[in-house]
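Below: the structure, in structure tokens.
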Amino acid sequence: MKIIKNIGELIGIVPEGVRRKEGDAMDEVVSIKDAFLSFDNGLIREFGPESQCPPKTEGDEIIDAHGGMVFPMFCDSHTHICYAGSREQEFIDKINGLSYAEIAARGGGILNSADLLHETGEEDLYDQTMVRVNEMISKGTGAIEIKSGYGLTTEDEIKMLKVIKRVRETSPAVIRATFLGAHAVGRAYSGRQREYVDLVCEEMIPAVAEKGLADFVDVFCDQGFFTPDETSRILEVGTRHGLVPKIHANELACSGGVQVGVVHNALSVDHLERTTQVEIDALKGKTTMPTMLPGSSFFLGLPYGNAKGFISSGLGIALASDYNPGSSPSGDMRFVMALACIKMRLSPEQAFNACTINAAYAMGISDIAGSITKGKRANLIITRPLPSLGFIPYCYQSAFIEKVII
Ligand code: NIG
Ligand code: FE
């Protein structure tokens, strides 16, 4: 047994069985001051006031938190960190005035990354991905969803998913894999989108499912990418092959993606930079988690999602980094939390819940991660002593993480 003692404040306690927080509950963060927490075999055993800490027995290891905060590691339910190289030339193009959509329409963007990925071997791609995973762990992220979508041929999509599988087997983080063949139309199918969708449905999904390489199926359903009808077809085929839908929607336009996601019981609908009451109403009472990615709004200069509107309508939201080479080259969930507070005007408590328990829900792991709950993974952040939860997004660049336990 390992016992963390001398915890100034243990934050993010959620009762067993609670899988997500919605509406007013997003403002609740339960904590215990002057606490202890014990864990065993990587799972949380017990926690409570320090005065109730069981005496040390032989073999126990004591970890002194020195009065710092302890809270669950962040979950990042939307990333594209399995990619080759980088795209800073497009960053310069953006500085000089081109939009994300214009770069994509010129044949750059995702297709640029697909060209680089095609030339990169599995070993190299694994090494590049693990650098990002380890960087994210050091910044406090303990669970990562990783998408394919830079292959855009059956062979290269499978190459990506095999790399993600190896990351899952070798990294201490909780990893989930998403098949995103419909991220863009592969170069070989330029001008033949309908045939590319056939390829995704008839060849890629069956191959991915047969090899057991993905948990989720995702589609970039947006203006200039895939239509709601194409998305519906892909999600339907994915579901039939045992993949749970997730979706990219409403980044570039109100394109009907949220509604398609809801119809197909998507676990999450992500981006939502542009939404109206229609999308909010479509999500009410559903199992789908709206997920916002303020890092891409920041990097691309897009509007920020209307998170407050969702929450005041009684919905929950999750936050994720969208870490990818084109629209969000950062996997720092502390920065995501700060952006949510500063730019979307979420309270620190709402932002915290969105980055932990709700993000865990959005990647299908809120039974094992995302909160301080008996039996869940003891994936924990220990900080130096901090005055309050609000200090986390407020002093968003201070190096206050003393240790991560994963
Ligand atoms: O979530 N929007 C679509 N896909 C990614 C960007 C991928 C890229 O540009 O490489 C996103 O922002
Ligand atoms: Fe994305």
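In my numbering, the protein residues as written are 830 to 1235. Note that CB positions come from ideal geometry on N, CA and C, so glycine has one too. None of these values were measured; they are calculated from a predicted model.
Candidates the options, of which the one nearest residue i by Cα
| i | options | result |
| --- | --- | --- |
| Q1052 | S860, C1083 and G871 | C1083 |
| E857 | R874, A1183 and T1116 | A1183 |
| M1162 | V962, I987, R1069 and T982 | V962 |
| G1067 | F1055, T1056, F1054 and D1047 | D1047 |
| S1227 | E1031, G841, I892 and F1164 | F1164 |
| G1181 | E1108, R1206 and A1149 | Note on residue identity: the sequence assigns Phe, not Gly, to residue 1181. When each option's Cα is compared against that of F1181, the closest is A1149. |
| G1155 | P1035, G1145, E919 and G1071 | E919 |
| R1174 | Y1223, K1113 and V1087 | Y1223 |
| I833 | F900, L1064 and R848 | F900 |
| T886 | S867, P1057, G1085 and V1092 | S867 |
| A1169 | A1189, Y1152, Y1190 and A1147 | A1147 |
| V1087 | E838, D985, G1204 and T1104 | T1104 |
| Y1133 | E1080, T1116, T1056 and G950 | E1080 |
| D1097 | L990, H1077 and Y1025 | Checking the displayed sequence, the identity of residue 1097 turns out to be Ser instead of Asp. Residue H1077 is the option with its Cα nearest to S1097. |
| D889 | Y929, M830 and L872 | M830 |
| R854 | L1144, A894 and E838 | Per the sequence presented here, residue 854 reads as Ala, with Arg not at that position. For the residues L1144, A894 and E838, the minimum Cα distance to A854 belongs to L1144. |
| E1032 | Y1190, V1107, V992 and E984 | E984 |
Local conformation of residue i per DSSP, three classes
| i | result |
| --- | --- |
| N1135 | coil |
| V1066 | helix |
| T1212 | strand |
| I1235 | coil |
| F920 | helix |
| T908 | strand |
| C1030 | helix |
| G1090 | helix |
| V843 | coil |
| H848 | First, the residue type needs correcting, since residue 848 is Arg and not His in the sequence shown. Correct three-state label for R848: coil. |
| M898 | strand |
| N835 | strand |
| P1035 | helix |
| H947 | helix |
| A972 | strand |
| V996 | helix |
| E887 | coil |
| V858 | coil |
| E1080 | coil |
| S880 | helix |
| G991 | According to the sequence shown, residue 991 is Lys rather than Gly. Reduced to three states, the DSSP call for K991 is helix. |
| P1074 | strand |
| R1021 | coil |
| T1007 | strand |
| A933 | helix |
| V1014 | coil |
| L1042 | coil |
| S967 | helix |
| S928 | coil |
| L866 | strand |
| D985 | helix |
| S956 | Before going further, note that residue 956 is Asp rather than Ser in the sequence given. The answer is helix: DSSP assigns D956 an H, G or I state. |
| D1058 | helix |
| D893 | strand |
| D1047 | strand |
Exposure label - residue i; buried when at least 16 CB within 10 Å
| i | result |
| --- | --- |
| T1120 | buried |
| S1141 | exposed |
| V1089 | buried |
| I924 | exposed |
| E1059 | buried |
| F1215 | In the sequence as displayed, the identity of residue 1215 is Leu instead of Phe. It counts as buried. |
| Q1179 | buried |
| N870 | exposed |
| R916 | buried |
| A934 | exposed |
| K988 | buried |
| N1187 | buried |
| S1157 | buried |
| S880 | exposed |
| I921 | exposed |
| E998 | exposed |
| K1040 | exposed |
| D905 | buried |
| N1094 | exposed |
| T958 | buried |
| L1064 | buried |
| P1177 | buried |
Proximity test, residue i beta-carbon vs the ligand GTP heavy atom, cut-off 6 Å
| i | result |
| --- | --- |
| N1153 | The ligand content of the structure shown is limited to the ligand NIG and the ligand FE, which means the ligand GTP is not among them. |
Interface flag, residue i vs chain B, CB-CB below 7 Å
| i | result |
| --- | --- |
| A894 | Absent from the structure: chain B. Only one protein chain is present. |
Those runs of the beta strand (DSSP E) which lie wholly inside the region 1173-1231 and span at least 3 residues: 1209-1212
Runs of alpha helix (DSSP H) lying entirely within the region 1095-1177, each at least 4 residues, in chain order: 1106-1112, 1123-1129, 1136-1141 and 1162-1171
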